[in-house]
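Okay, structure first, notes after.
Protein chains: 2
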Amino acid sequence: MHILITGGAGFLGSLLARTLLQRGSLGGRRIDSILLADLVESRDDMLRADPRVRCVAGELLAQCAGLMAEPVDAVFHLASAVSGECEADFDLGLRSNLDSTRALLDACRAQSGRGGPVPLFFFSSSVAVFGADPVLPLPLTVTDHTLPTPQSSYGIQKFICEQLVAYYSRKGFIDGRCARLMTVSVRPGRPNGAASSFLSGIVREPLAGLEAVCPVAADQAVALASPATTVAGILAVAEASREAFGGRTALNLPGLTVTVAQMLAALKAIAGEAVVARVRFERDPAIERIVGGWPSSFDSDRARRLGLAADPDFRGVIAQYLEQHPAARG
Amino acid sequence: MHILITGGAGFLGSLLARTLLQRGSLGGRRIDSILLADLVESRDDMLRADPRVRCVAGELLAQCAGLMAEPVDAVFHLASAVSGECEADFDLGLRSNLDSTRALLDACRAQSGRGGPVPLFFFSSSVAVFGADPVLPLPLTVTDHTLPTPQSSYGIQKFICEQLVAYYSRKGFIDGRCARLMTVSVRPGRPNGAASSFLSGIVREPLAGLEAVCPVAADQAVALASPATTVAGILAVAEASREAFGGRTALNLPGLTVTVAQMLAALKAIAGEAVVARVRFERDPAIERIVGGWPSSFDSDRARRLGLAADPDFRGVIAQYLEQHPAARG
């Protein structure tokens, strides 16, 4: 089978591609090729060395039809402008997140319309679809039935795309599955423009011997998932039968609820006082408002029925990061 | 103030325009002009004779910027391709309902961006945003917090537009208000391509001496609102303070729950056995599926807090139709 991963040069796209190549199959079908599409070419040497991998660079919106010139059996649509830049640049957010997704869906529709395969279409939505509306406050625990009232550009774009994926699925153009990813922590690499970027930074930077700024209060609770748990969730959703996936609405992946204080306590237990001391609190009202508006407690019933569970604790999340990135300590 | 009504040559747009002109003001501000935009020019002689009214004909998508060349203080966006045609023609539905709404919102954004007024933007959403998802069945009573899972093209387009209106409102480009209209009955005139068209037809046609076909079973329950109740709801939503409107999500207008059998019993009580006998049952699975998927019972809390109530009974709805349309009887 032939797989397209958008955002394929990013952290999650690379990890997903590596996992797929290692398994060699998806849903029982052998993986013949993976096309990694992103703004820039993948710099992942292991992926580039694999004969099954091809990389394409460029803006997604302009190249959707070309990416699907050869029949594609499964699309993992992970590409996205991140929350900070969507909030700052209205047009960029709509173009990168909404228009690109629609163009990709239309390329899928064109493929099935000309007699090609009806592609599996995984869409990575986000916990950011939830937000505290002025008059409809979030419930204490968010379920698969909770009405999203997004309060950020990123969140509303994701929620609109969920509707489009459901729509194209109902019409039979794709076999679409939307899953809402929790904030992924610990991400390797550098800070990015996401409002949630610090939720990796306050672990990654101190471990590397660098200072890190935490822009929210220590008692801020968040819902997180480790990279391995996130990729396992993506694959379980992609491999589920339509019946087991359940409906066409988005499914909430499981999240580990922790406060920033608990994250730092886990870091201290693993790496010691001196490492944690590199985190400085400097509150940023804009980030506090966005992150504070996301729910931190989930009852992810549909995910549970797929056999998925949250990371058991944040110490294990840090341990996973250190194991995957042996050079992480500065 | 200057008002733009899209769908202004349609039944509801005309009734809204006539009501606004008769009142002379909206939210305490004098109405200086009403621009009626639609595919065709309004044929409403009373409206055309009013010096405050101007008519523009053409496809909305192509002319949004032009419609707002002069500053507009309030937009009532009622224009829409109807449910039947959206289901049959995928591209037409997306273009007419989604792309046109976005273009209109962008024209509003451009107006406020160049220092013009931030327009009030009323968006007529629909009960059709609700539908019975295969695994998330509708609750018995739908509230303002119920998660919509639209099962029709029309419904999903309306729901996406609700999100865009909320988005542009949060960004301060418009003062947006989405209200979900119930099926309007009794509409005058001819059947249209809406799946709900028969809910006016089974009253209007028999009264006019014509046969009518009912495509659903007699025990099918539906949620209806008379034209007067619908327009009163639109105006109350438009005139509410942002605080009283409550949040940026869509508000469900009140609906009268009746079965088709109860509708026909009311018709019989008003017009007699011979009139009701002109209704023939001929079930249409496609229409049954769409209409049967709409909720029929609402607890419209936000609307109630605006002082809005459903029509008390269907006899009153028929009486309103006969009073407004003295030539309705054949």
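These protein sequence lines map, in sequence, to chains A and B. The opening position of the first sequence corresponds to residue 335 in the numbering used here, with each subsequent residue numbered one higher. The opening position of the second sequence corresponds to residue 335 in the numbering used here, with each subsequent residue numbered one higher. Where is the CB? At the ideal position from N, CA and C, for every residue including glycine.
What alpha helix (DSSP H) runs, 4 residues minimum, are completely inside the segment 412-453 of chain B? 417-422, 424-427 and 434-447
Given 8 Å, three or more beta-carbon pairs between the segment 402-422 of chain B and the segment 378-391 of chain B: no
Check Ala357 of chain A in the structure and name its three-state DSSP category. In the first sequence, the residue the question calls residue 357 of chain A occupies position 23. First, the residue type needs correcting, since residue 357 of chain A is Arg and not Ala in the sequence shown. Here Arg357 of chain A sits in helix by DSSP.
Residues in its own chain within less than 6 Å of Gln554 of chain A by CB, not counting five upstream and five downstream? Counted from its first residue, the first sequence places residue 554 of chain A at position 220. The residues are Val594.
Buried or exposed for Arg364 of chain B, please, with buried defined as at least 16 other CB atoms from any protein chain shown within 10 angstroms of its CB. Numbered from 1 along the second sequence, position 30 holds the residue referred to as residue 364 of chain B. When all chains shown are included, Arg364 of chain B counts as exposed.
Please classify Arg514 of chain B: is it buried, with 16 or more other beta-carbons within 10 angstroms of its beta-carbon, or exposed? Within the second sequence, residue 514 of chain B is the residue found at index 180, counting from 1. Result: buried.
Does the contact criterion of 3 or more C-beta pairs under 8 Å hold for the segment 428-442 of chain B versus the segment 540-552 of chain B? no
Neighbouring residues, chain B, relative to Ile339 of chain A (Cβ below 7 Å): Along the first sequence, read from residue 1 onward, the residue named residue 339 of chain A stands at position 5. Result: empty, since nearest Cβ-Cβ is about 26 Å, beyond 7 Å.
Under a CB-based cut-off of 8 Å, is Gly418 of chain B close to chain A? The sequence position of residue 418 of chain B within the second sequence is 84, counting from 1. Gly418 of chain B does not count as touching chain A.
So, using beta-carbon positions, are Leu338 of chain A and Val406 of chain A closer together than 8 Å? The count along the first sequence starts at 1 and reaches residue 338 of chain A at position 4. The count along the first sequence starts at 1 and reaches residue 406 of chain A at position 72. Yes; because the gap between Cβ atoms is below 8 Å, this pair is in contact.
Residue interval of the alpha helix (DSSP H) (run including Phe648 of chain B): Start at 1 with the first residue of the second sequence, and residue 648 of chain B comes out as number 314. From DSSP, the alpha helix (DSSP H) with Phe648 of chain B extends over Phe648 to Gln658.
CA-to-CA distance, Ala605 of chain B to Gly506 of chain B, given in whole angstroms: As a position in the second sequence, residue 506 of chain B is number 172, starting the count at 1. As a position in the second sequence, residue 605 of chain B is number 271, starting the count at 1. The straight-line gap from Cα to Cα measures roughly 51 Å.
Short-range partners of chain A found in the segment 424-443 of chain B, where Cβ spacing is below 7 Å: Phe424
Taking beta-carbon pairs under 8 Å, can you tell me which members of the segment 578-591 of chain A lie near chain B? Under the 8 Å Cβ criterion, the segment 578-591 of chain A contributes Gly580, Gly581, Arg582 and Thr583.
Please report the Cβ distance between Val518 of chain A and Pro473 of chain A, rounded to the nearest whole angstrom; I am assuming they are in contact, meaning their Cβ atoms lie under 8 Å. Position 184 of the first sequence, counted from the first residue, corresponds to residue 518 of chain A. Position 139 of the first sequence, counted from the first residue, corresponds to residue 473 of chain A. Actually they do not touch by this definition, with Cβ atoms about 24 Å apart.
So which residues of chain B does Phe493 of chain A contact, with C-beta pairs closer than 8 Å? Locating residue 493 of chain A in the first sequence gives position 159, where the first residue counts as 1. Chain B residues near Phe493 of chain A: Gln497.
So, Gly589 of chain A versus Phe632 of chain A, is the Cβ gap smaller than 8 Å? Looking up residue 589 of chain A in the first sequence gives position 255. Looking up residue 632 of chain A in the first sequence gives position 298. Yes, these two residues count as a Cβ contact at 8 Å.
Which bits of chain A does Arg639 of chain B rub up against, with CB to CB less than 7 Å? Along the second sequence, one-based indexing puts residue 639 of chain B at 305. Ordered by position in chain A, no residue passes the 7 Å Cβ test against Arg639 of chain B, which lies about 10 Å from the chain.
Give, in chain order, every unbroken run of the alpha helix (DSSP H) that is at least 4 residues long and sits entirely within the segment 440-528 of chain A. If we require 4 residues or more, the alpha helix (DSSP H) runs fully inside the segment 440-528 of chain A come out as 487-504.
So Pro468 of chain A contacts chain B; which residues on that side make the cut at Cβ distance below 7 Å? Mapped onto the first sequence, residue 468 of chain A falls at position 134. Residues of chain B passing the Cβ test: Gly581.
Please list the residues of the segment 454-465 of chain B that have a C-beta atom closer than 7 Å to any C-beta atom in chain A, keeping them in chain order. none
Any 3 or more C-beta pairs closer than 8 Å across the segment 422-439 of chain A and the segment 573-589 of chain A: In the pairwise beta carbon analysis, the segment 422-439 of chain A is classified as not touching the segment 573-589 of chain A: fewer than three pairs are separated by under 8 Å.
In this structure, does DSSP put Ser367 of chain B in helix, strand or coil? Within the second sequence, the letter at position 33 stands for residue 367 of chain B. The answer is strand: DSSP assigns Ser367 of chain B an E or B state.
Hey, quick one: how far does the alpha helix (DSSP H) through Ala396 of chain A stretch, first residue to last? The count along the first sequence starts at 1 and reaches residue 396 of chain A at position 62. Taken as a continuous stretch (DSSP letters only), the alpha helix (DSSP H) holding Ala396 of chain A covers Leu394 to Leu401.
Does Ser631 of chain B have its Cβ less than 8 Å from a Cβ in chain A? In the second sequence, counting from the first residue as 1, residue 631 of chain B sits at position 297. So no, Ser631 of chain B is outside the interface.
In whole angstroms, give me the CA-to-CA distance for Asp366 of chain B and Arg357 of chain B. Within the second sequence, the letter at position 32 stands for residue 366 of chain B. Within the second sequence, the letter at position 23 stands for residue 357 of chain B. Distance between the alpha carbons of Asp366 of chain B and Arg357 of chain B: 12 Å.
Sequence-distant residues of its chain with Cβ nearer than 7 Å to Leu656 of chain A (five each side left out): Sequence index remark: in the first sequence, residue 656 of chain A carries index 322 (1-based). Once the five neighbours on either side are set aside, the close Cβ partners of Leu656 of chain A are Ala662.
May I ask you to report which of helix, strand or coil DSSP gives Val556 of chain B? As a working note, residue 556 of chain B is residue 222 in the second sequence. DSSP places Val556 of chain B in strand when its eight states are reduced to three.
Collapsed DSSP secondary structure at Asp372 of chain B in the structure displayed: Taking the second sequence and counting its residues from 1, one reaches residue 372 of chain B at position 38. In this structure, Asp372 of chain B counts as strand in the three-state DSSP scheme.
Measuring CA to CA, which of B:Arg448, B:Ser634, B:Val565 and B:Ser530 is closest to Gly310 of chain B? Examination of residue 310 of chain B is not possible in this model, given that chain B is present from 335 through 664 alone.
Under 9 Å by beta carbon: chain A residues contacting Ile490 of chain B: The sequence position of residue 490 of chain B within the second sequence is 156, counting from 1. Ordered by position in chain A, the residues that pass the 9 Å Cβ test against Ile490 of chain B are Gln497, Leu498, Ala500, Tyr501 and Arg504.
Straight-line CA distance for Gly581 of chain A to Ala620 of chain B? The count along the first sequence starts at 1 and reaches residue 581 of chain A at position 247. The count along the second sequence starts at 1 and reaches residue 620 of chain B at position 286. Answer to the nearest angstrom: the Cα atoms are 20 Å apart.
Give me the Cα-Cα distance between Ala462 of chain B and Gln654 of chain A, rounded to the nearest whole angstrom. In the second sequence, counting from the first residue as 1, residue 462 of chain B sits at position 128. In the first sequence, counting from the first residue as 1, residue 654 of chain A sits at position 320. So the alpha carbons of these two residues sit roughly 47 Å apart.
Could you name the residues of the segment 391-418 of chain B whose beta carbon sits closer than 7 Å to any beta carbon of chain A, in the order they occur along the chain? For chain A, none of the residues of the segment 391-418 of chain B brings a beta carbon within less than 7 Å of one of its beta carbons.
Less than 7 Å between C-beta atoms, sequence neighbours within five positions excluded: which residues of the same chain meet that for Val613 of chain B? Within the second sequence, residue 613 of chain B is the residue found at index 279, counting from 1. The answer, listed in chain order, is Ile536, Pro540, Ala546, Cys548 and Leu598.
So is Arg511 of chain A buried or exposed if we call it buried at 16+ other beta carbons inside 10 Å? In the first sequence, the residue the question calls residue 511 of chain A occupies position 177. Result: buried.
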